[in-house]
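S.K.: One structure coming up, written as structure tokens, with questions to follow.
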Amino acid sequence: MKNRLVQAGIAMSLLCITLSAAAQLNSNFKYRKLPAAYMKKGGSVQAFAAAAPAAPAAKSMKSDAAGVFDLTTLLPRGYVKDGSVDYTDQLQQGIQQHEDVMFPDFPVAVNARGLTLRSNTSVRFQPNSKLLLLPNSKENYEVLRLHQVKQVKVYNPVITGDRKAHQGSGGQWGMGISVRGSQDVTIVSPVVSDCWGDGIYIGDISGKCSSNIIVNDAMLDFNRRNGISVTCVNGLQLNRPVISNTSGTNPKSGIDIEPNSNTDVIDNISINSPVTFNNGSAGIVVSLGKLTGKSLKDVNITVRNHIDDGSFIGFYVYGTKRELPQPMKGSINVENPVWKNCQKKPFLYNSADYGVSTKLKNVEVKRTEASREVTDNNALMNIRKEAAQQKVQVQ
Numbered sequence: 005m006k007n008r009l010v011q012a013g014i015a016m017s018l019l020c021i022t023l024s025a026a027a028q029l030n031s032n033f034k035y036r037k038l039p040a041a042y043m044k045k046g047g048s049v050q051a052f053a054a055a056a057p058a059a060p061a062a063k064s065m066k067s068d069a070a071g072v073f074d075l076t077t078l079l080p081r082g083y084v085k086d087g088s089v090d091y092t093d094q095l096q097q098g099i100q101q102h103e104d105v106m107f108p109d110f111p112v113a114v115n116a117r118g119l120t121l122r123s124n125t126s127v128r129f130q131p132n133s134k135l136l137l138l139p140n141s142k143e144n145y146e147v148l149r150l151h152q153v154k155q156v157k158v159y160n161p162v163i164t165g166d167r168k169a170h171q172g173s174g175g176q177w178g179m180g181i182s183v184r185g186s187q188d189v190t191i192v193s194p195v196v197s198d199c200w201g202d203g204i205y206i207g208d209i210s211g212k213c214s215s216n217i218i219v220n221d222a223m224l225d226f227n228r229r230n231g232i233s234v235t236c237v238n239g240l241q242l243n244r245p246v247i248s249n250t251s252g253t254n255p256k257s258g259i260d261i262e263p264n265s266n267t268d269v270i271d272n273i274s275i276n277s278p279v280t281f282n283n284g285s286a287g288i289v290v291s292l293g294k295l296t297g298k299s300l301k302d303v304n305i306t307v308r309n310h311i312d313d314g315s316f317i318g319f320y321v322y323g324t325k326r327e328l329p330q331p332m333k334g335s336i337n338v339e340n341p342v343w344k345n346c347q348k349k350p351f352l353y354n355s356a357d358y359g360v361s362t363k364l365k366n367v368e369v370k371r372t373e374a375s376r377e378v379t380d381n382n383a384l385m386n387i388r389k390e391a392a393q394q395k396v397q398v399q
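Anchor point for the sequence shown: position 133 equals 137 in our numbering, and the numbering is continuous, going up by one each time.
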């Protein structure tokens with residue numbers, strides 16, 4: 005895994021150089037509490053986790069129908085409920101032996117090996133369930149690993165990484181949830197924070213791309229590299245994610261759609277009502293430079309009702325200025341965005357003409373003055389002016 009993730013890091017290097025230059029202007033990143041207006045439930049990421057509605061099949065789990073295996077029964081006698089003892093082996097045993105499992109209704113610690121899920125299974129977290137990653141020095145880890153699996157459902161996972169106690173300084177690939185080379189995966193209400201790398205990573209493995217992935221109502225906070233990285237997928241729905249305070253190492257963006265090579269796929273991606281807040285670089289970035297090559301690619305990305313509040317850049321389309329062996333097809337459609345209080349620019353387009361059109365529709369730009377939101381007409385005018393120069397369509 006490390007070699008592939010290292011390659012992914014190299015593939016991000018050009019974007020990182022640009023974002024690094026921008027980040028120098030934004031070196032004084034400060035963590036900000038997510039405003040109540042963006043909360044789904046409760047007043048914090050942790051409160052949201054506790055208050056998140058249970059998945060339909062997970063209601064009253066203790067008394068649910070037979071077949072749901074309680075992983076608590078595998079813990080040793082005298083087990084603790086404070087997340088201080090490593091129970092990775094016991095949890096993995098239950099996951100290997102049962103198709104439908106629920107986690108203990110209290111925090112449990114796992115080590116850097118993480119937990120590996122299987123095909124045709126469901127995993128449920130109870131209101132007080134939480135996976136706490138033990139401090140380690142690994143450059144890469146995956147707390148929940150979904151590699152080359154299909155038909156998997158994960159309900160209400162809560163994961164806290166080791167960022168605040170990480171014992172090394174190298175690497176950027178510590179993932180909360182890693183979906184690679186998998187299909188027909190649904191993740192409901194994930195809450196992931198403090199990971200050394202990404203909250204959620206969606207990509208390929210051994211040349212196999214992920215497909216038909218759904219992530220609903222994610223809450224991702226203070227992850228070090230990206231909230232969500234998307235490198236290879238055909239069919240992705242991100243519905244109502246809230247991604248905040250991503251900072252630490254580039255790209256440090258809320259959502260980063262960035263393929264690693266011409267063999268990857270970036271198609272049929274739908275991002276609906278995302279909120280990105282106070283991210284160190286971009287709220288959402290699309291970087292297609294590494295997708296160019298001999299194989300013709302069709303890229304289709306639609307982002308609807310994006311709200312960015314206070315990120316360095318609200319929405320960034322990035323690419324390298326070089327000749328294309330084979331132009332791509334498709335479009336990046338951004339509909340009804342509201343970009344507020346962006347520290348550098350609400351929208352930045354710095355891309356070669358790959359043949360993929362970028363279209364903006366019903367853009368709003370706002371800033372806060374005296375605790376009141378007002379329309380920023382100057383910023384909106386600049387977007388239209390720069391868009392005309394870059395062949396970006398604005399409606």
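Cβ coordinates follow ideal geometry from the N, Cα and C atoms, glycine included.
Would residue 207 and residue 231 qualify as a contact pair, given that the criterion is a beta-carbon distance under 8 angstroms?
M.R.: What you label residue 207 is simply residue 203 of the sequence shown in a count that begins at 1. What you label residue 231 is simply residue 227 of the sequence shown in a count that begins at 1. Against a cut-off of 8 angstroms, the Cβ pair of residue 231 and residue 207 comes out as no contact.
S.K.: Taking 8 angstroms as the threshold, find out whether the segment 183 to 193 comes into contact with the segment 158 to 168 through three or more Cβ pairs.
M.R.: Yes: the two stretches touch, three or more of their Cβ pairs being nearer than 8 angstroms.
S.K.: Going by other Cβ atoms of all chains shown within 10 Å of its Cβ, with 16 needed for buried, is residue 25 buried or exposed?
M.R.: Residue 25 sits at position 21 when you count from the first residue of the sequence shown. A caution first: residue 25 carries a pLDDT of 44, below 50, which makes its placement in the model unreliable, though a value can still be read off. It counts as exposed.
S.K.: In angstroms with no decimal places, state the Cα-to-Cα distance between residue 2 and residue 203.
M.R.: Examination of residue 2 is not possible in this model, given that the chain is present from 5 through 399 alone.
S.K.: Going by beta-carbon coordinates alone, are residue 290 and residue 236 separated by less than 8 angstroms?
M.R.: If you number the sequence shown from 1, residue 290 lands on position 286. If you number the sequence shown from 1, residue 236 lands on position 232. No, the pair does not count as a contact, with Cβ atoms beyond the cut-off.
S.K.: Could you say which of 92, 225, 262, 126 lies nearest to residue 118 if we only look at CA atoms?
M.R.: As a position in the sequence shown, residue 118 is number 114, starting the count at 1. Residue 92 is the option with its Cα nearest to residue 118.
S.K.: Is it buried or exposed for residue 364, if we count other Cβ within 10 angstroms and need 16 for buried?
M.R.: The residue labelled residue 364 in the question sits at position 360 within the sequence shown. Buried, since its Cβ has 16 or more Cβ neighbours within 10 Å.
S.K.: Under 6 angstroms Cβ to Cβ from residue 241, same chain only, skipping five residues before and after it: list those, please.
M.R.: Counting from 1 along the sequence shown, the entry for residue 241 is found at position 237. Taken in chain order, the residues that qualify are 218, 274.
S.K.: Tell me, which residues are paired with residue 257 by DSSP?
M.R.: Locating residue 257 in the sequence shown gives position 253, where the first residue counts as 1. DSSP output for residue 257 lists 230 as bridge partner(s).
S.K.: Residues in its own chain within less than 6 angstroms of residue 278 by CB, not counting five upstream and five downstream?
M.R.: On the sequence shown, residue 278 is found 274 positions in, with the first residue counted as 1. Once the five neighbours on either side are set aside, the close Cβ partners of residue 278 are 245, 310.
S.K.: Look up residue 120 in the DSSP assignment and give the residues it is bridged to.
M.R.: Position 116 of the sequence shown, counted from the first residue, corresponds to residue 120. DSSP output for residue 120 lists 149 as bridge partner(s).
S.K.: I'd like to check one pair, residue 169 with residue 139: are the Cβ atoms closer than 8 angstroms?
M.R.: The count along the sequence shown starts at 1 and reaches residue 139 at position 135. The count along the sequence shown starts at 1 and reaches residue 169 at position 165. Yes, the pair counts as a contact, with Cβ atoms nearer than the cut-off.
S.K.: Classify residue 378 as buried or exposed, calling it buried when 16 or more other Cβ atoms lie within 10 Å of its own Cβ.
M.R.: Here residue 378 refers to the residue found at position 374 when the sequence shown is read from its first residue. Label assigned to residue 378: exposed.
S.K.: Just to confirm, is the Cβ distance from residue 201 to residue 178 under 8 angstroms?
M.R.: Start at 1 with the first residue of the sequence shown, and residue 201 comes out as number 197. Start at 1 with the first residue of the sequence shown, and residue 178 comes out as number 174. Yes, these two residues count as a Cβ contact at 8 angstroms.
S.K.: Looking at residue 343 and the ligand FMN, is the gap between the Cβ and the nearest heavy atom below 7 angstroms?
M.R.: What this structure holds is no ligand at all, so the ligand FMN is not there to describe.
S.K.: Which residue spans inside the segment 164 to 223 form an unbroken beta strand (DSSP E) run of at least 3?
M.R.: Correct list: 177 to 184, 187 to 192, 195 to 197, 202 to 207, 214 to 220.
S.K.: Got a sec, what are the start and stop residues for the alpha helix (DSSP H) residue 388 sits in?
M.R.: For the purposes of this step, residue 388 is taken as the residue at position 384 of the sequence shown. First-last of the alpha helix (DSSP H) with residue 388: 381 to 394.
S.K.: Where does residue 157 fall in DSSP's three states?
M.R.: On the sequence shown, position 153 is the one that residue 157 refers to. Of the three classes helix, strand and coil, the one that applies to residue 157 here is strand, per DSSP.
S.K.: To which residues does DSSP link residue 373 through a beta bridge?
M.R.: For the purposes of this step, residue 373 is identified with residue 369 of the sequence shown, where counting begins at 1. Residue 373 pairs with 376.
S.K.: On the criterion of 16 or more Cβ atoms from any shown chain inside 10 Å, does residue 176 qualify as buried, or is it exposed?
M.R.: If you number the sequence shown from 1, residue 176 lands on position 172. Per the 10 Å Cβ criterion, buried.
S.K.: Whole angstroms are fine: how far does the CA of residue 90 sit from the CA of residue 109?
M.R.: Locating residue 109 in the sequence shown gives position 105, where the first residue counts as 1. Locating residue 90 in the sequence shown gives position 86, where the first residue counts as 1. Residue 109 and residue 90: Cα-Cα distance of roughly 16 angstroms.
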